[in-house]
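Visitor:
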Amino acid sequence: MSDDYCAAPAAPTPAPDPTDAGPPFAECVLCRKPTEYPESYKGITLCPVCEWQEAQRTACSG
Ligand SMILES: [Zn+2]
-18 MSDDYCAAPA APTPAPDPTD AGPPFAECVL CRKPTEYPES YKGITLCPVC EWQEAQRTAC
42 SG
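Reading the sequence shown from the start, the letters are residues -18 to 43 in this note's numbering.
Put into structure tokens, the structure is as follows:
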């Protein structure tokens, strides 16, 4: 009876490569910063900051 059963060491998870060559993102129509929308996105693209500000304005108007 062998007692030296041990699982194989888990392979180290490869760290995600921080590559700058990501998909092209559309730029914000207000401040021209890159947004989270793809360049092929149809419609108004806002960066998170401007999107938030627009939401604030919309929420406060009326
Ligand atoms: Zn913006």
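Ideal placement from N, C-alpha and C gives every residue a C-beta, glycine not left out.
1) Using 7 angstroms as the cut-off, classify the Cβ of K14 as near or not near the heavy atoms of ligand 1, replying yes or no.
2) Using C-beta distances below 6 angstroms, list every residue in its chain close to A7, excluding the 5 sequence neighbours before and after it, in chain order.
3) Hey, would you say C31 sits closer than 8 angstroms to L11, going by beta carbons?
4) Under the criterion of a Cβ to heavy atom distance below 7 angstroms, does C(-13) qualify as lining ligand 1?
5) Is the distance from the Cβ of K(-13) to the Cβ of C9 below 8 angstroms?
Guide: Taking the geometry as given:
1) yes
2) T16, Y18, E20, Y22 and T26
3) Yes, Cβ-Cβ distance for C31 and L11 is below 8 angstroms.
4) no
5) In the sequence as displayed, the identity of residue -13 is Cys instead of Lys. No, these two residues do not count as a Cβ contact at 8 angstroms.
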